[in-house]
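Numbers given in this note's numbering equal positions in the sequence shown, counted from 1, plus 8.
Don't be surprised by glycine CBs; every beta carbon is placed ideally from N, CA and C.
Input: a single structure, listed below in structure tokens.
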Amino acid sequence: MLIASDGAEFDVRDAGEGPALVLLHGFPLSNEIWDAQAAASAASARVIRYDLRGLGATTVTPGPYLMEQLAGDLVEILDALRIERAVVAGHSLGGYVALAFFRMFAERCAGLALICSRVSADTPEQAAARLELATRAEREGMAPVAAAFLPRFFAPGFEERSPELAERARAIVERTDPRGAAAMLRGMAARVASDDLFEELSLPVALVAGAYDPIISLDETRATALALSDATLEVLECGHSPWFEAPDALSATLERLVRRAAAHV
9 MLIASDGAEF
19 DVRDAGEGPA
29 LVLLHGFPLS
39 NEIWDAQAAA
49 SAASARVIRY
59 DLRGLGATTV
69 TPGPYLMEQL
79 AGDLVEILDA
89 LRIERAVVAG
99 HSLGGYVALA
109 FFRMFAERCA
119 GLALICSRVS
129 ADTPEQAAAR
139 LELATRAERE
149 GMAPVAAAFL
159 PRFFAPGFEE
169 RSPELAERAR
179 AIVERTDPRG
189 AAAMLRGMAA
199 RVASDDLFEE
209 LSLPVALVAG
219 AYDPIISLDE
229 TRATALALSD
239 ATLEVLECGH
249 SPWFEAPDAL
259 SATLERLVRR
269 AAAHV
């Protein structure tokens with residue numbers, strides 16, 4: 009199903025029946041990372057997933073892609089599907105979008121899952137590195153982006169144990185349009201911190217951390233869990249990519265969150 013929002017066209021996948029669960033992918037990936045979780049959750053939920061603006065098969069538009077714009081895309085998609093409220097689960101970049109969605113449209117949010125993601129903004133050094141990588145992507149293509157991200161996706165040894173999945177992730181990254189990647193990098197560099205939302209986040213929240221994640225530290229995720237009133241923390245045996253490294257455990261976490269959100273008053 010194609011849905012238009014603010015100059016972009018999104019190929020939206022909509023499967024299953026029940027409470028709505030939105031799956032937002034990370035950078036520089038696409039909605040296909042969620043194949044296992046979508047198949048598992050569709051038995052008890054209506055699962056919505058799509059490629060974020062400028063990534064995957066979605067239209068590349070002028071950037072930067074601010075998190076607020078990406079949250080607006082999600083609202084347009086929910087409206088087109090006649091979904092009033094949804095549990096929103098985001099991996100890495102997708103978590104930043106989920107937090108922006110809650111900030112802007114809290115009444116539409118039934119629950120949140122932050123999967124290998126964080127609530128802090130970039131440090132000046134991190135932002136500068138993203139901006140430099142964006143410029144390189146426009147000049148050189150996706151090779152420098154792949155070199156910056158792929159080595160940090162998986163726990164040690166995963167690529168040797170599951171070469172087909174590691175190659176699948178590489179293929180998704182390498183076919184990303186570098187113009188969209190650059191616009192997204194600039195948007196991520198400009199995002200604001202979300203720790204000011206802690207008191208408002210009284211809805212069910214699931215935090216997922218990778219025990220071997222080199223990008224988001226376990227200590228950082230634990231600190232976020234302690235600051236929230238209704239958050240669970242799952243530490244999975246994986247790096248930054250539980251959708252491939254620990255698919256069954258991640259699917260179970262999402263299913264529990266959907267049940268918690270349905271019971272939440």
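For Asp22, the secondary structure class from DSSP, reduced to helix, strand or coil, is strand.
Counting the other CB atoms within 10 Å of its CB gives Gln134 a total below 16, which places it among the exposed residues.
The DSSP assignment places complete alpha helix (DSSP H) segments of no fewer than 4 residues inside the segment 31-80 at 43-49, in order along the chain. Thr261 is the residue among Phe252, Pro36, Leu236 and Thr261 whose C-alpha sits nearest the C-alpha of Val243. Between Ala48 and Ser259, the C-beta gap is smaller than 8 angstroms, which places the two residues in contact. By the CB criterion at 8 angstroms, Glu245 and Ser52 fall outside the cutoff. Between the segment 152-160 and the segment 227-243 there are fewer than three C-beta pairs closer than 8 angstroms, too few to call the two in contact.
With a beta-carbon spacing of about 5 angstroms, Arg21 and Arg57 fall inside the 8 angstroms limit used to define contacts. Distances from the alpha-carbon of Tyr104 to those of Ala88, Gln77 and Glu84 put Gln77 closest. Look at the segment 193-253 and you find these whole runs of beta strand (DSSP E), each 3 residues long or longer: 213-218 and 239-244.
Its chain contains Pro72 and Leu74 as the residues whose beta carbon lies nearer than 7 angstroms to that of Ala198, once the 5 sequence neighbours on both sides are disregarded; these appear in chain order. Residue burial annotation: His33 is buried, with at least 16 other C-beta atoms found within 10 angstroms of its C-beta. A buried status is given to Glu253, since no fewer than 16 other beta-carbon atoms sit within 10 Å of its beta-carbon. Beta bridge pairing from DSSP links Glu17 with Ala12. Take Glu167, set aside five residues on each side of it, and the residues of its chain with a beta-carbon closer than 7 angstroms to its own are Ala174, in chain order. Shown here, Leu89 sits in coil according to DSSP, grouped into three states, outside any helix or strand.
Val153 sits in a helix when the DSSP states are folded into three classes.
Residues Ala190, Leu193 and Arg194 of the same chain have their beta carbon placed closer than 7 angstroms to that of Ala142, with the five preceding and five following residues left out of the count. A distance below 8 angstroms separates the beta carbons of Cys124 and Ile224. For Ala121, the enclosing beta strand (DSSP E) starts and ends at Cys117 to Ile123.
Beta-bridge pairing by DSSP links Leu29 to Val55 and Val95. In the DSSP annotation of this structure, the continuous segment of the alpha helix (DSSP H) that includes Val105 starts and ends at Leu101 to Phe113. Using a C-beta cut-off of 8 angstroms, the segment 110-120 makes contact with the segment 204-217, since at least three inter-stretch Cβ pairs fall below that distance.
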